[in-house]
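Here the structure comes first, spelled out in structure tokens, and everything after it is commentary.
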């Protein structure tokens, strides 16, 4: 133990002698770890957010596909689906998109039926009368109105419609409701000039969740032009959307990993003349090869462990304190309305261990191998250069 | 050995700080019941993240080939299309090839 402490003492003195080089190395290394860690933390937290709240998504959503595209579905399809054993209810839904030329943003308009008495994350109420609406925080921030004010939207025939705002969703729900405008279903039908016999899709609720897959197959068999989307598929989509193969991981993490590989490769391809001379002096003074390797192991560990811990700390603060300002533009793209979210810290320790294994391990190896090559050479030859 | 001890103390502190921050999530997990109520009542199927295109606003509801809506192999129109890939193929779009049950003479 005492011997190891003395070797560590020597290693630290050696690192301090080349403080400018080692400090810049720690900065670059920690930055790489912070980039990788930020992506891991952000994607995992978003995945947890999605899978945590979307467990109450519709059990089955039935769309109609026409000419290879999502099309409006006839409401009489509900009769066919309703008669299937195990189906609890079938509800036609009306929803769609609206581009507002004033704020240059896309809004999602949803038709609401039978509003409940109270929603926990809604200030005010859901619309009950034809000319009322409830809006998301992003819409409220973009237009600037408050509850009781009017929201003016142009319908399918370019006529201006005024809707009295009866409710605004709280900021806490922004990840789900940021761009939503909730209107009564009949109002939305008129707004979109939608045929009363058609709906955007059908929501099917079932008695036994284990029958969802069978019911989806039956619906597909009886109504071949439909596409049933189950709740499991929704959750699976978000699981794959933010896993290690996701676009975000590929775009950011792979670039960071490659830069780390360049860093490690530079280290592995050789050590500087000063370092070689240092090893030669140590050998001449009587240090064994094993002692030199232990010192180099400590050197690698000090640099990589310090960088890893600093990088992970920086990543945590970046994602969970500052809401990932460096990564959000990647998700935002050209979106005008983007939610201001505060994610609940959620960590996948498995991913973290993989990250530690992929970064600390190779760096240690890259430090030890060139030193071992030098340490086994004759000290006189090393010192002569 | 003052440096070695100081370094070990610093590393231990950093490791403890990192671990406690990482564990904060498990104790701080917010109650999702209010969000679940919203999802249930409004029939929400997707997170309201990127609203620039319908296949990034509602990745679960988009067509299987959503990221290439205009024609196969078309360049991606929106930046987030590169971040949010098309939804995975589920059972609704799986192709099953089963052996023929008819006897051949």
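Residue numbers (the numbering used here), protein chains in the order written: chain A, 4 to 388; chain B, 25 to 129.
Glycine included, C-beta positions come from ideal geometry on N, C-alpha and C.
All values reported here derive from a predicted model rather than from experimental measurement.
So, residue i versus residue j, is the Cβ gap smaller than 7 Å?
| i | j | result |
| --- | --- | --- |
| residue 139 (chain A) | residue 183 (chain A) | yes |
| residue 311 (chain A) | residue 265 (chain A) | no |
| residue 282 (chain A) | residue 373 (chain A) | no |
| residue 267 (chain A) | residue 365 (chain A) | yes |
| residue 233 (chain A) | residue 254 (chain A) | no |
| residue 276 (chain A) | residue 382 (chain A) | no |
| residue 181 (chain A) | residue 72 (chain B) | yes |
| residue 188 (chain A) | residue 246 (chain A) | no |
| residue 313 (chain A) | residue 33 (chain A) | yes |
| residue 203 (chain A) | residue 97 (chain A) | yes |
| residue 64 (chain B) | residue 56 (chain A) | no |
| residue 82 (chain A) | residue 259 (chain A) | no |
| residue 84 (chain B) | residue 74 (chain B) | no |
| residue 68 (chain A) | residue 222 (chain A) | no |
| residue 178 (chain A) | residue 342 (chain A) | yes |
| residue 196 (chain A) | residue 159 (chain A) | yes |
| residue 256 (chain A) | residue 42 (chain A) | yes |
| residue 185 (chain A) | residue 129 (chain A) | yes |
How many Å lie between residue i and residue j at the Cα?
| i | j | result |
| --- | --- | --- |
| residue 323 (chain A) | residue 175 (chain A) | 15 Å |
| residue 216 (chain A) | residue 237 (chain A) | 13 Å |
| residue 295 (chain A) | residue 387 (chain A) | 19 Å |
| residue 201 (chain A) | residue 78 (chain A) | 5 Å |
| residue 97 (chain B) | residue 321 (chain A) | At residue 97 (chain B), the pLDDT of 49 sits below 50, so the modelled position is not reliable; the number obtained from the coordinates is stated separately. If I take the Cα positions, the gap works out to 36 Å. |
| residue 38 (chain A) | residue 355 (chain A) | 13 Å |
| residue 95 (chain B) | residue 369 (chain A) | Its pLDDT being 49, under 50, residue 95 (chain B) is placed unreliably in this model, and the coordinates cannot settle the point. |
| residue 124 (chain A) | residue 102 (chain B) | 31 Å |
| residue 164 (chain A) | residue 154 (chain A) | 8 Å |
| residue 45 (chain A) | residue 291 (chain A) | 47 Å |
| residue 199 (chain A) | residue 192 (chain A) | 7 Å |
| residue 77 (chain B) | residue 252 (chain A) | 21 Å |
| residue 42 (chain B) | residue 315 (chain A) | 7 Å |
| residue 100 (chain A) | residue 113 (chain A) | 9 Å |
| residue 304 (chain A) | residue 30 (chain A) | 15 Å |
| residue 299 (chain A) | residue 347 (chain A) | 40 Å |
| residue 90 (chain A) | residue 361 (chain A) | 49 Å |
| residue 109 (chain A) | residue 226 (chain A) | 32 Å |
| residue 49 (chain B) | residue 351 (chain A) | 10 Å |
| residue 37 (chain B) | residue 306 (chain A) | 16 Å |
| residue 241 (chain A) | residue 47 (chain A) | 10 Å |
| residue 166 (chain A) | residue 147 (chain A) | 14 Å |
| residue 210 (chain A) | residue 337 (chain A) | 41 Å |
| residue 121 (chain A) | residue 142 (chain A) | 21 Å |
| residue 87 (chain B) | residue 270 (chain A) | 48 Å |
Given that residue i touches chain B, what residues does it touch there, using C-beta distances under 7 Å?
| i | result |
| --- | --- |
| residue 73 (chain A) | 87 |
| residue 181 (chain A) | 72 |
Run through the DSSP bridge pairs and tell me what residue i is partnered with.
| i | result |
| --- | --- |
| residue 115 (chain A) | A:187 |
| residue 171 (chain A) | A:126, A:138 |
| residue 157 (chain A) | A:163 |
For a contact meaning CB atoms closer than 8 Å, what does residue i contact in chain A?
| i | result |
| --- | --- |
| residue 33 (chain B) | Chain A residues near residue 33 (chain B): none, gap ~12 Å exceeds 8 Å. |
List the residues of chain B that residue i touches, going by C-beta distances under 8 Å, in chain order.
| i | result |
| --- | --- |
| residue 336 (chain A) | 74, 76, 80, 102, 103, 104, 105, 107 |
| residue 319 (chain A) | 42, 45, 46 |
| residue 100 (chain A) | 78, 81 |
| residue 91 (chain A) | Going along chain B, no residue has its Cβ under 8 Å from residue 91 (chain A), so there is no contact; the nearest lies around 14 Å. |
| residue 96 (chain A) | 67 |
Give the residues of chain B in contact with residue i, contact being defined as C-beta atoms less than 9 Å apart.
| i | result |
| --- | --- |
| residue 122 (chain A) | 58, 61, 62, 65, 66 |
| residue 357 (chain A) | Per Cβ cutoff of 9 Å: no residues; residue 357 (chain A) is ~15 Å from chain B at best. |
| residue 305 (chain A) | 31, 35 |
| residue 9 (chain A) | 25, 28 |
So which residues of chain A does residue i contact, with C-beta pairs closer than 7 Å?
| i | result |
| --- | --- |
| residue 36 (chain B) | Chain A residues near residue 36 (chain B): none, gap ~10 Å exceeds 7 Å. |
Can residue i be considered in contact with the ligand FAD, in the sense that its beta carbon sits closer than 6 Å to one or more heavy atoms?
| i | result |
| --- | --- |
| residue 169 (chain A) | No copy of the ligand FAD occurs in the structure displayed, which carries no ligand at all. |
Checklist entry - Of all the beta strand (DSSP E) runs that stay within the bounds of the segment 190-270 of chain A, which reach a length of 3 or more residues? => result Every beta strand (DSSP E) stretch that sits fully inside the segment 190-270 of chain A and reaches 3 residues is listed by chain position as 204-209, 229-233.
Checklist entry - Which residue spans inside the segment 352-379 of chain A form an unbroken alpha helix (DSSP H) run of at least 4? => result The DSSP assignment places 352-378 as complete runs of the alpha helix (DSSP H) inside the segment 352-379 of chain A, in order along the chain (cut-off: 4 residues).
Checklist entry - Which full runs of the alpha helix (DSSP H) of 4+ residues lie inside the segment 62-109 of chain A, going along the chain? => result Whole alpha helix (DSSP H) segments, 4+ residues: 80-85.
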